[in-house]
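Trainee: For the sequence shown, my numbering assigns the number 34 to the initial residue and increments by one for each residue that follows.
Beta carbons: idealized from backbone N, C-alpha and C, even for Gly.
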Amino acid sequence: FLRALLNHFSRAKDEDIDPKDYLEFVKAQTDIDDEERDRLLEIAGAYETYEQLMHDNNVLDFGALIMYTLKLFRKRPAILKQYREQFKYIIVDEFQDTNKAQYDLLKLIAAEQNPNLFVVGDDDQIIYQWNGASPERLQSLRTDFGGTMEMVQLPENYRCPHEIVALANKLIVHNQMRTPGKQ
Numbered sequence: 034f035l036r037a038l039l040n041h042f043s044r045a046k047d048e049d050i051d052p053k054d055y056l057e058f059v060k061a062q063t064d065i066d067d068e069e070r071d072r073l074l075e076i077a078g079a080y081e082t083y084e085q086l087m088h089d090n091n092v093l094d095f096g097a098l099i100m101y102t103l104k105l106f107r108k109r110p111a112i113l114k115q116y117r118e119q120f121k122y123i124i125v126d127e128f129q130d131t132n133k134a135q136y137d138l139l140k141l142i143a144a145e146q147n148p149n150l151f152v153v154g155d156d157d158q159i160i161y162q163w164n165g166a167s168p169e170r171l172q173s174l175r176t177d178f179g180g181t182m183e184m185v186q187l188p189e190n191y192r193c194p195h196e197i198v199a200l201a202n203k204l205i206v207h208n209q210m211r212t213p214g215k216q
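(1) Work out the CA separation of Asp51 and Ala143 for me, nearest whole Å.
(2) Is Leu93 helix, strand or coil by DSSP?
(3) Can you tell me which of the three DSSP states Val59 falls into?
(4) Report the partner residues of Leu150 according to the DSSP bridge assignment.
(5) Which residues in the same chain have their Cβ closer than 6 Å to the Cβ of Gly154, if we skip the five residues on either side of it in sequence?
(6) Here's the rule I'm using: 16 or more other beta-carbon atoms within 10 Å means buried, otherwise exposed. How should Val59 be labelled?
(7) State the DSSP-derived secondary structure class of Ala144, mapped to helix, strand or coil.
(8) Counting pairs of Cβ atoms below 8 Å between the stretch 82–93 and the stretch 113–125, do you hit three or more?
(9) Pick helix, strand or coil for Asp130, following the three-state DSSP scheme.
(10) Check whether chain C comes within 8 Å of Ile124, counting only Cβ atoms and requiring the distance to be less than that.
(11) Three-state secondary structure (DSSP) at Glu189?
(12) Where does His207 sit, in a helix, a strand or coil, going by DSSP?
(13) At which residues does the alpha helix (DSSP H) containing Arg175 begin and terminate?
(14) Could you check what DSSP says for Ile65 in three-state terms: helix, strand or coil?
(15) Given the structure, does Gln172 come close to the ligand PLP, in the sense that its CB is under 7 Å from one of the ligand's heavy atoms?
(16) Can you look up Asp51 in the DSSP assignment and give me helix, strand or coil?
(17) For the pair the stretch 105–113 and the stretch 68–75, tell me if three or more CB-CB distances fall below 8 Å.
(18) Cα-Cα, which of Gly96, Lys203, Glu81, Glu183 is closest to Asp47?
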C-alpha cells in the first residue's frame, strides 16, 4: 500500500501537482459520493504529510526537484533569467520520455532562445508512459517551438540488423499516436 501511495505522489509531481493543488482538486469534486471524497481527502492528506516529512528531513525526491525548480522559476523571474543566460544551448535526448513537469521546465528555460534547442525523440520508442510520458508531447513541441524548429529524420538504424528493424516497423505501424509524415 505504501509503495502505491509513493508512486501516486510521484505521478502527481510528474504532472506538477503539489499537495495544496491536489487537496483543492479533491474538494472541488462534486460528482463523487462521501465515501470516495473521504478516501481522496485521506490520500491528499497523506501526500501533504509525505511532503512535510521530506521537508523536515531536508530531502527531495526526483519529482520534487523538478516541481520545486518550476516553482522557483515561476516566482523568481530574475533567477529564471540567470539560468536562461547560463544555458544558451539546450540538448534533450529521449525527449519522447519526458513528463509534463519536465516539459514545462524545458519551456521555461528555452523560451527566449528556442533556436538553440536541440531535441532527439522518437514517438515509436516511448517507454515511460507509466511515468507521464506522452507521444502527444512531440506534437506539443512542434506547437510550442514550431516557428524555429526544423525536423530531421534519421532513416538509418545502426544498432539493430535490418531484419529486426523491419519486423519492429511492422508492429509499430499500428501505434495510434504517430508523428505525421513518419514512415
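Mentor: Answer, in terms of the structure:
(1) A straight line joining the alpha-carbon of Ala143 with that of Asp51 spans about 23 Å.
(2) The answer is coil: DSSP assigns Leu93 none of H, G, I, E or B.
(3) Assigned with DSSP and collapsed to three states, Val59 falls in helix.
(4) Answer by DSSP bridge pairing, in chain order: Ile123.
(5) Non-local beta-carbon contacts of Gly154 in its own chain, meaning distances under 6 Å to residues more than five positions away in sequence, involve Phe128, Gln129, Leu171 in chain order.
(6) Label assigned to Val59: buried.
(7) Correct three-state label for Ala144: coil.
(8) The stretch 82–93 is not in contact with the stretch 113–125.
(9) In this structure, Asp130 counts as helix in the three-state DSSP scheme.
(10) The structure shown contains no chain C; it is built from a single protein chain.
(11) Glu189: coil per DSSP, three-state reduction.
(12) Reduced to three states, the DSSP call for His207 is coil.
(13) 169–178 is the extent of the alpha helix (DSSP H) around Arg175.
(14) DSSP places Ile65 in coil when its eight states are reduced to three.
(15) The ligand PLP is absent from the structure shown, which contains no ligand whatsoever.
(16) In the structure shown, Asp51 sits in coil (DSSP, three-state: anything other than H, G, I, E or B).
(17) Too few Cβ pairs lie closer than 8 Å, so no.
(18) Relative to Asp47, the option among Gly96, Lys203, Glu81, Glu183 whose CA is nearest is Gly96.
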